[in-house]
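Engineer:
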Ligand code: SF4
Ligand code: SF4
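Laid out in structure tokens, this is it:
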């Protein structure tokens, strides 16, 4: 019999087929984006609340089914699916309440009559949510618990799959991703938080960006005055690729493995090298206006701003946790990096740009702990009980960055540094004004440890299957539409089309292409207010 381990991330889903007899990973499949419109957790929440949680749930289940189908095994041979992720993704997957996660602040929740939900572990028949799509008639779905309503199974995973909970020295763990979960432990106190870093940290939302997948530039290194690109191959292993001149884009030496785009870790590497070599004079200003990695892959000043906002949000949240824990920066002994971005990034370059603390004594990279916990739950019958026991016992103080005055001060400095060209001297000057300790200038070199080399262990000889065809078509009746096609013309992603259907005028949206409710250009441009992007239904 088989099991499926699944990690529902904000920027994409990963699934692994496990042989439950041998406990071996047989196949790995992943998506290159999230199936809901938009690229961050706020977009997903907004979409679900605006158009209906049931529609968001159906779109997610559709993608889950597509991932399972790529494994090409008899569905009756799949006996369990363990699913890990943050509380929003897991709630949408189960079609359960999300409003307590959408509205921060007790007063707002009280006004709206929303109670915090306890997200307990659940085991239920897959047929309940998969229905009759792929015939998982003998399969159970296992969902691990959350600690508190906003501290989910992914946060538990990053604490359990590292030695964070046993550490006696001050330790910070960060699950790098679009929504970066993090926790700090000082003595027996644990403080959790999360930074809405945004899509650039995973290579999305930048002009030539892509998620970590085959063809993605995951690292860049200096060879004389040229840059050697490192690209992920079909089994997600990092391989040397083209040697390029970043000033002209000339390819000095080609390689079998061709770069297709750049992922977040590659972007961090480019920023670090460009800052080191003077190609970035002061972010976001580029000496030659852009960095060119081949004829078609370029990094613009706008990309640097986007990457900087993501790096800045993570650094500001990490600094906030350190301050809230009452630590001096240099007292931080351990920094743990998890998640795909935390696995593939060169930690020296992450330190250089600031997404990983420079002043920590030891930096350890652990890999995708969320997927790893899902695998453990499948292959170890006692693991779920262990997770439940921990979720019941553990006491954490959760810090909402959105309402933290300390976070706001740090993030203001980060924004000025990355988007306005402010130097570090001025950054520290503002910290003094804010009565916050200045960032240390560092000379000590931390000890570096890499525990997992890639994101899909044991899948080395298997090509990872990329599922590109995700999302669904949804439609909305366009009452009073004059067929001017302005909505189509205005849409930056060609995600909308007008047509007549069964005697009515409708618009159809591709949820895969659509930028989400944060865009709404189609709605705003419509001269007769024929569409609202609310009253939509999934195209049958
Ligand atoms: S214009 Fe409309 S359909 Fe196009 S990306 Fe924006 S919200 Fe989506
Ligand atoms: S912009 Fe409005 S009126 Fe024009 S085609 Fe689109 S929905 Fe119809």
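Residue numbers (the working numbering): 24 to 563.
For each residue, glycine too, the CB sits at the ideal point set by N, CA and C.
(1) Could you check how far apart the C-beta atoms of residue 285 and residue 316 are, in whole angstroms? I think they sit under 8 Å.
(2) Could you spell out where the alpha helix (DSSP H) holding residue 366 opens and where it closes?
(3) Among 24, 288 and 508, which has the Cα closest to the Cα of residue 366?
(4) In or out: residue 211 buried (at least 16 other Cβ within 10 Å) or exposed?
(5) Let me know if residue 499 comes out buried or exposed under the rule of 16 or more other beta-carbons within 10 Å of its beta-carbon.
(6) The alpha helix (DSSP H) that contains residue 325, what's its start and end?
(7) Residues bridged to residue 142 by DSSP?
(8) Let me know the alpha helix (DSSP H) ranges lying completely inside the segment 157-188, each 4 residues or longer, listed in chain order.
(9) Is there contact here, the segment 500-509 with the segment 523-539, by at least three beta-carbon pairs under 8 Å?
(10) At 3 residues or longer, and completely inside the segment 441-527: list those beta strand (DSSP E) runs for me, N to C.
(11) Checking 9 Å against the spacing of the C-beta atoms, do residue 48 and residue 277 come in under that value?
(12) For the segment 253-318, list the alpha helix (DSSP H) runs that are entirely contained and at least 4 residues long, ordered along the chain.
(13) Report the rounded CA-to-CA distance for residue 111 versus residue 525, giving the unit in angstroms.
(14) Using a Cβ-based criterion (distance less than 8 Å to any ligand heavy atom), does residue 515 qualify as near ligand 1?
(15) Does residue 244 come out as helix, strand or coil in the three-state DSSP assignment?
(16) Under the criterion of a Cβ to heavy atom distance below 8 Å, does residue 521 qualify as lining ligand 2?
(17) Just checking, does the segment 37-51 make contact with the segment 513-525 on the three C-beta pairs under 8 Å criterion?
(18) Residue 67 by DSSP, collapsed to three states: which one?
(19) Any chance the segment 49-69 sits against the segment 463-473, with 3 or more Cβ pairs inside 8 Å?
(20) With hydrogens ignored, establish whether the beta-carbon of residue 545 is closer than 8 Å to any heavy atom of ligand 1.
(21) What does a CB cutoff of less than 7 Å around residue 174 pick up in its chain, not counting 5 residues either side in sequence?
(22) Go through its chain and collect everything with a Cβ distance to residue 109's Cβ below 6 Å, but skip five positions before and after it.
(23) Go ahead and pull the three-state DSSP assignment for residue 94.
(24) Near residue 24, which residues of its chain fall below 7 Å by C-beta distance, leaving aside the five closest residues on each side in sequence?
(25) So residue 493 and residue 86 are supposed to be a Cβ contact under 8 Å. How far apart are they, rounded?
(26) Hey, is residue 538 close to ligand 1, as in C-beta under 8 Å from one of its heavy atoms?
(27) Please determine whether the Cβ atom of residue 71 lies at a distance below 8 Å from any heavy atom of ligand 1.
(28) Can you tell which of 547, 518 and 439 has its C-alpha closest to the C-alpha of residue 538?
(29) For a quick check, are the C-beta atoms of residue 424 and residue 343 less than 9 Å apart?
(30) Taking the straight line between their C-alpha atoms, what separation do you get for residue 307 and residue 235?
(31) Go through its chain and collect everything with a Cβ distance to residue 440's Cβ below 6 Å, but skip five positions before and after it.
(32) Could you work out which residue in 333, 61, 243 and 65 is closest to residue 263 when comparing CA atoms only?
(33) CB-CB under 7 Å to residue 546, same chain, minus the five flanking residues each way: which ones, in chain order?
(34) Could you tell me the distance, in whole angstroms, from the CA atom of residue 430 to the CA atom of residue 339?
(35) If you reduce the DSSP assignment to three classes, tell me which class residue 203 lands in.
Structural biologist: Based on what the coordinates show:
(1) Here the question's residue 285 lines up with position 262 in the chain shown. Here the question's residue 316 lines up with position 293 in the chain shown. Indeed, because the Cβ distance is near 7 Å, the residues count as touching under 8 Å.
(2) Residue mapping note: residue 366 aligns to position 343 of the chain shown, counting from 1. Looking at the DSSP string, the run of the alpha helix (DSSP H) that includes residue 366 is 362-367.
(3) Translated into the one-based positions of the chain shown, residue 366 becomes position 343. Measuring from the Cα of residue 366, the nearest candidate turns out to be 288.
(4) Taking the chain shown and counting its residues from 1, the one referred to as residue 211 is at position 188. By the 16-neighbour rule on beta-carbons within 10 angstroms, residue 211 is exposed.
(5) Residue mapping note: residue 499 aligns to position 476 of the chain shown, counting from 1. With 16 or more Cβ atoms within 10 Å of its Cβ, residue 499 is classed as buried.
(6) Numbered from its first residue, the chain shown carries residue 325 at position 302. Taken as a continuous stretch (DSSP letters only), the alpha helix (DSSP H) holding residue 325 covers 324-347.
(7) Here residue 142 refers to the residue found at position 119 of the chain shown. DSSP output for residue 142 lists no bridge partner at all.
(8) 176-183
(9) yes
(10) When DSSP assignments are scanned along the segment 441-527, the uninterrupted stretches of beta strand (DSSP E) that are 3 or more residues long and fall wholly within it turn out to be 470-473, 488-490, 496-500 and 519-524.
(11) Start at 1 with the first residue of the chain shown, and residue 48 comes out as number 25. Start at 1 with the first residue of the chain shown, and residue 277 comes out as number 254. No. Outside cutoff.
(12) Counting only runs of 4 or more, we get 287-300.
(13) As a position in the chain shown, residue 111 is number 88, starting the count at 1. As a position in the chain shown, residue 525 is number 502, starting the count at 1. The alpha-carbon separation between residue 111 and residue 525 amounts to approximately 37 Å.
(14) Looking up residue 515 in the chain shown gives position 492. Because some heavy atom of ligand 1 lies under 8 Å away, the Cβ of residue 515 counts as near it: yes.
(15) Your numbering for residue 244 matches position 221 in the chain shown. If DSSP states are grouped into helix, strand and coil, residue 244 belongs with the strands.
(16) For this step, residue 521 is matched to residue 498 along the chain shown. Checking the Cβ of residue 521 against ligand 2 gives yes.
(17) no
(18) In the chain shown, residue 67 corresponds to position 44, counting from 1. Collapsing the DSSP output to three states places residue 67 in a helix.
(19) no
(20) For the purposes of this step, residue 545 is identified with residue 522 of the chain shown, where counting begins at 1. Inclusion of residue 545 in the 8 Å shell around ligand 1 follows from its C-beta lying nearer than that to a non-hydrogen atom of the ligand.
(21) Against the chain shown, residue 174 aligns to sequence position 151. So the list reads 215, 419 and 421, once near-sequence residues are dropped.
(22) Position 86 of the chain shown, counting from 1, holds the residue named residue 109. Only 175 and 177 meet the Cβ criterion.
(23) What you label residue 94 is simply residue 71 of the chain shown in a count that begins at 1. In the three-state scheme derived from DSSP, where H, G and I count as helix and E and B as strand, residue 94 is classed as coil.
(24) Indexing the chain shown from 1 puts residue 24 at position 1. If we look at residue 24 and ignore the five residues flanking it on each side, its Cβ neighbours are 43, 100 and 102.
(25) If you number the chain shown from 1, residue 493 lands on position 470. If you number the chain shown from 1, residue 86 lands on position 63. 5 Å between Cβ atoms; contact.
(26) In the chain shown, residue 538 corresponds to position 515, counting from 1. Checking the Cβ of residue 538 against ligand 1 gives yes.
(27) The residue given as residue 71 occupies position 48 in the chain shown. Not under cutoff, so the answer is no.
(28) Position 515 of the chain shown holds residue 538. Residue 518 holds the alpha-carbon nearest to the alpha-carbon of residue 538 among 547, 518 and 439.
(29) Taking the chain shown and counting its residues from 1, the one referred to as residue 424 is at position 401. Taking the chain shown and counting its residues from 1, the one referred to as residue 343 is at position 320. Closer than 9 Å, so yes.
(30) Walking along the chain shown from the start, residue 307 turns up at place 284. Walking along the chain shown from the start, residue 235 turns up at place 212. So the alpha carbons of these two residues sit roughly 24 Å apart.
(31) If you number the chain shown from 1, residue 440 lands on position 417. Here the set comprises 450.
(32) Working through the chain shown from its first residue, we reach residue 263 at position 240. The shortest Cα separation from residue 263 among 333, 61, 243 and 65 belongs to 243.
(33) Residue mapping note: residue 546 aligns to position 523 of the chain shown, counting from 1. The answer, listed in chain order, is 554, 555 and 556.
(34) Your numbering for residue 430 matches position 407 in the chain shown. Your numbering for residue 339 matches position 316 in the chain shown. If I take the Cα positions, the gap works out to 6 Å.
(35) Here residue 203 is taken as the residue at index 180 of the chain shown, counted from 1. Strand at residue 203.
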